[in-house]
Structure formats: C-alpha cells, structure tokens
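These notes are about the structure you will find just below.
Protein chains: 2
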Amino acid sequence: MVVAVSERAPREPKYYLVKRHLLDIIGSLPPGSLVPTERILTLELGTSRTTVRRALSELVGEGRLVRRQGSGTYVAEPKISWPLRMTSFTEQAAEAGYTVTTQLLDARRQRADEEAAARLDVKVGASVFVIERLRLVNGAAMAVELSQLSAARFPGLVAKLRREPSLYRVLAESYDSAPVEADETIETAAASPRKAELLDTDTGAPMLVLSRHSFDASGAPIEWVRSWYRGDRYTFVARLTAR
Amino acid sequence: MVVAVSERAPREPKYYLVKRHLLDIIGSLPPGSLVPTERILTLELGTSRTTVRRALSELVGEGRLVRRQGSGTYVAEPKISWPLRMTSFTEQAAEAGYTVTTQLLDARRQRADEEAAARLDVKVGASVFVIERLRLVNGAAMAVELSQLSAARFPGLVAKLRREPSLYRVLAESYDSAPVEADETIETAAASPRKAELLDTDTGAPMLVLSRHSFDASGAPIEWVRSWYRGDRYTFVARLTAR
DNA sequence: ACGCGCAAATGGACTAGACCACTTCGCGTC
DNA sequence: GACGCGAAGTGGTCTAGTCCATTTGCGCGT
C-alpha cells in the first residue's frame, strides 16, 4: 500500500542547521563582532551544547569564526593569501608587503629515516640536519617549518644558520648551491598539540601542509621541507601559464 | 615557598592519546585491515565513546582511516596525488594513467552575484552559465566542480556541452577561445551535506577547495571554477622552476 | 583614585547514555 | 541449494550534564 520514496533526500544533520543559522549571523556582521554564546545558542535553537559546538568548530576551521576561551566567539578576519613560488620565504613576503621574522626552534643532527633517506638521496641512518623554524608575519605565527638536509653535503650548516637566518642565502654563499626546481605537494591535516600551541590555535584544527622537495641544477636533491599553515587563516595562490 | 612553573607543558588532550594509540595500530597494519570497534576502544582505553570518536574523526579526516557504517573502521589506502596544471582536466588524468569520466549535474543560466561579476568582468545581474559537474576517476567520485562563464561571451554553451563533455574542447572548437593563464587558490573547507553525499563522504569532512580563474591571450577572463576535493583522499602536486 | 581579589561568564574537555541507520550473517523456509 | 527475514553489531547523531581553564569586570578596600 505504501510506496517507498526512491529518491531519499540528502538528510541534513541538525548541527548543519545550526551552522547555516550562524552563517546568516556572520554574514550580517563585520569582522571582530561578538556572536551569541554557546549556551544562548543552545537555548535559542533548542539543541544541546555539543551540537552547537560542532557547528562552531567547523566554522572556526573554515576561518569564519574565532573562539577565545573566557571571552567569547567572534567573526574572523578574511583569510590571507600566500603565493607558491620558487623564491625564498623571506623574499616572497617582502614582495607582498609583509614583515616576516623567523624563530629557530630547533636545529639538530639525526639519522635519516627511510623517507628522509629517499628524499635526500642518502643511505638510511646517514646524518641529516633537521631544522625546525617558526615563521611569523607581522609578529603573528604563520607556519611551522621542518627542513631536512644532508649533513655530508652541507657541513657546518647549523652553525652558519645561527648567524644568517635565511637558509637560501646560506646555501648560495657558503655552498654555492641554489635550488632551481622543486616539487610541492599540498594536503590537509589536523594540528598536533605541539603545532597548535606554536601557532596559537587548537589541537585538531585543520591545517594546510606544504611539502617542498627541491633540487639544484644537476638534479641532486637539496632539501626536503614540510610546512604547516593554519588552514583557517591562509590560502595558497599559484599563477599558472600554458606550456 | 612554592615556585610557579613558568614553562607549562603543551598539555595533551585525552583524545590525542587515543589518536596516538590508533596511529600505532594503523602503522602495523596493511590498508583495508579492520581496526577495533569504537565500543571496544572505549573499554580498552577507559574513556567515553565521544572521545574515541573524536580521535577517529581526525584520522579519517587525514585519510588514515575509513569508516563504514554498519560494518566497521578500516585502515585507508594511501592518498592520490593530483597535478596542478594548465591543461584540461581530462588530459591531465589521461597522462597520469587514470580513466576519468564526468557527470553533468546541473547546467543553468543565472544572474551574476557580486563576486561572479567581478571575476568574469560583467555587470552584477548579467547572465552567466553555471555548470556543476561531478568528476570521477576510475568510477569513484573525485571532485565536485562549479564553473561560471559569461553567457554573452559564450552563447549556446550549455547545449554544446551536452554533446561534448570537455569544456576546454568546446571553448577551443566553437569559440576559438583558450585559457593561457590562470590564478589558482587552494584552501581548506568542510563538506556540506550535498557535497558529502556526491563525494560519498561525511558532512563536515575536510576538503581541499581549488579555485581557478582563467584568462585568454588578451587577458580577458574566460571562466571561474571552484572544485571541491576530498582532503582525505587527494594531495595536490605542483612542479616549480626558478625564474 | 587606584588596585586587588573574587565571582560570574565564557569556551574546552569529557562522560554516560539514548536512539537511529546501515551492514552482516546465520537460520529457517521454500 | 537458494532465498529471505530478522537479530546482532557497527558507526552516526544527539542529549544533558559535569568539571576545568581563562577572561572579564565589578565591588571592596586601601
């Protein structure tokens, strides 16, 4: 008697209704505005706080909202564009009109694991430098960067880096080595507690991970870098041309 | 008498402990293996199911696990690399050895909103074609693509597209128009219920959003496309050269 | 007038449980 | 032997609540 409905609607979870409600609010407010508290939204929308928080978390992850514990939830500033280019990080930023500083978190020598060995064209267990840096734009943490280079190929690199912060300049001046080609990959990830703290965000927040594998003119690998950017704050931009 | 500890540890949430436990398990198993059920993990780790699920959700979002309702949670296959290049989608895939099909979801004419007008260099309210397509690789949904083009510039485009699926071929053959330059931006987002269903994933799953704004030889805008890719399954790859 | 301390309010983490949708598989029936 | 039904088990969503960490601001004391 009853006919089954063949086309089932793509049922909408309740938290998504909350999300759309919040998007309405966000759309009508300038960045920095306070949005209703979680407990008020819970009452207004007749739902549980867990459900409200799920909607808020997605919007925070998309860079639409900012949460400040003890204070409130606010409409976020627009995202910042970041160019994908061959030039050094410092130069890139200067061109875009930003003031960039770098904080050396760690520089150590360790044995290459399987992946590092393959990337740097050395044997597993060979000595590699691991350099961890925090990139800041106009004083705000932007990315955590983990570089690996062959220790045999760049002897004394770490000591030189402590005096001259630009890695590319050190490579050019002290080792007469410059990357001319690179493979870059981009993917998503969730922030570890450590990276979250360094980048002043929450554990589990969505991030953009940029990996760069660069080579010199002879095709020999120079460095392998992975950079973690806050996905709620940055957008990568590339300019492509035919052929 | 008591000295305050100045360096507070980056305290680890409990769910992150669960996540690391799961990473141990994942590391020792081949793709496709079944991992313990949520309720078993709850008992084993002495925690609530909510906490277990938060850890699982992050790992699913990072492409390390796959959840199948009613069945179980499994170790995921490695991610697929996808090149960022100027050539058409169909050609790209063929080069990489994939079989790609395209499903036309919707093709309509609508009035340009503010952003579309700016991108396509037309007036707000001018007629634009909006083409929504689903891209499939070897039969599996890969991306949802939303293209917008000026209707005045490409009259009859939608009708032609129904016969010839490659947009770039239609543009070249019928309008003698070819994109030679493009700006691409990459950012993260959460899947809407509709996109989640089309891409066979969960609402709120992390995605990579690729926007392409392409121009012809005279610098006039041709199309503005946004593509949503599953972040747990795809990685973008670009090859950069100096200068 | 100033500053300190405390209370209130916020977001953050977590619990224990309910109910639903879907898959799987064994058992009974044909 | 093939089929179909149903129970059991899985992940999916949501509730209602606890306790914690941090911020804010008010009121009291000086």
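Residue numbers (this note's numbering), protein chains in the order written: chain A, 130 to 372; chain B, 130 to 372.
Beta carbons are placed, not taken as given, at the ideal position from N, Cα and C, and that holds for glycine.
Keep in mind that this is a model prediction, so the values were computed, not measured.
A distance below 8 Å separates the beta carbons of Phe258 of chain A and Gln277 of chain A. Between Thr317 of chain A and Pro335 of chain B, the C-beta spacing is below 8 Å. Cβ-Cβ distances below 8 Å link Arg168 of chain A to Arg178 in the same chain, with the five nearest sequence neighbours on each side left out; the list follows chain order.
Across the segment 332-353 of chain A, CB contacts with chain B closer than 7 Å involve Thr332, Gly333, Pro335 and Leu337, in sequence order along the chain.
In the DSSP assignment, Val229 of chain B is bridged to B:Val266. Looking at the DSSP output, Tyr304 of chain A bridges to nothing. Taking a cut-off of 8 Å for Cβ pairs, the segment 175-195 of chain A and the segment 137-151 of chain A touch, as three or more such pairs fall below it. For Pro160 of chain A, same chain residues with a beta-carbon under 6 Å away, outside a window of 5 residues either side, are Val204 and Glu206 in chain order. Contact annotation: Arg359 of chain A and Leu327 of chain A have beta-carbon atoms that are not nearer than 8 Å. Judged by DSSP secondary structure, Ser177 of chain B falls outside any beta strand (DSSP E); it is assigned neither H nor E.
When DSSP reads this structure, Glu316 of chain A sits in a beta bridge with A:Val338. Neighbours of Ser210 of chain A in chain B, taken as residues at a C-beta separation under 9 Å, are given in chain order as Thr314.
Taking the Cβ atoms as the reference, Phe365 of chain A lies roughly 4 Å from Ile315 of chain B, within the contact range of under 8 Å.
Pairing His342 of chain B with Asp312 of chain B gives a Cβ-Cβ distance under 8 Å. Close CB contacts of Gly201 of chain B within its chain, under the 6 Å cut and outside five residues either way in sequence, are with Leu163 (chain order). Inter-residue distance for Asp250 of chain B and Pro308 of chain A is about 38 Å (C-alpha atoms, whole angstroms). When the alpha-carbon of Glu244 of chain B is set against those of B:Ala371, B:Ala367, B:Ser340 and B:Leu369, the nearest one is in B:Ser340. The Cβ-Cβ distance between Glu274 of chain A and Val354 of chain A falls below 8 Å.
Boundaries of the alpha helix (DSSP H) harbouring Val147 of chain A: Lys143 to Gly156, taken from the DSSP string. Measuring C-alpha to C-alpha distances from Gln198 of chain B to each of B:Thr330, B:Ser347, B:Ala346 and B:Glu352 identifies B:Thr330 as the nearest. Neighbours of Gly190 of chain A in chain B, taken as residues at a C-beta separation under 8 Å, are given in chain order as Thr317, Ala319 and Pro335. Interface residue (Cβ-Cβ distance to chain B less than 8 Å): Leu170 of chain A is not classified as such. Taking all protein chains shown into account, Gly254 of chain B has fewer than 16 neighbouring C-beta atoms within 10 Å of its C-beta and is therefore exposed. The alpha carbon of Met271 of chain B has as its nearest neighbour, out of B:Trp357, B:Ile351 and B:Leu151, the alpha carbon of B:Trp357.
Counting along the chain, no beta strand (DSSP E) covers Pro159 of chain A, and no H or E run does either. Under the Cβ criterion of 8 Å, Thr370 of chain A is counted among the residues facing chain B.
Per DSSP, Arg193 of chain A is not a residue of any beta strand (DSSP E), being assigned neither H nor E.
Apart from sequence neighbours up to five positions away, the residues of its chain that approach Ala349 of chain A with a beta-carbon distance below 7 Å are Asp250, ordered along the chain. At a cut-off of 8 Å, the C-beta of Ala205 of chain B has no neighbouring C-beta in chain A. Sorting A:Gly285, A:Phe344 and A:Asp345 by C-alpha distance to the C-alpha of Ala236 of chain A places A:Gly285 at the top.
Beta-bridge partners of Thr202 of chain B (DSSP): B:Val164 and B:Arg196.
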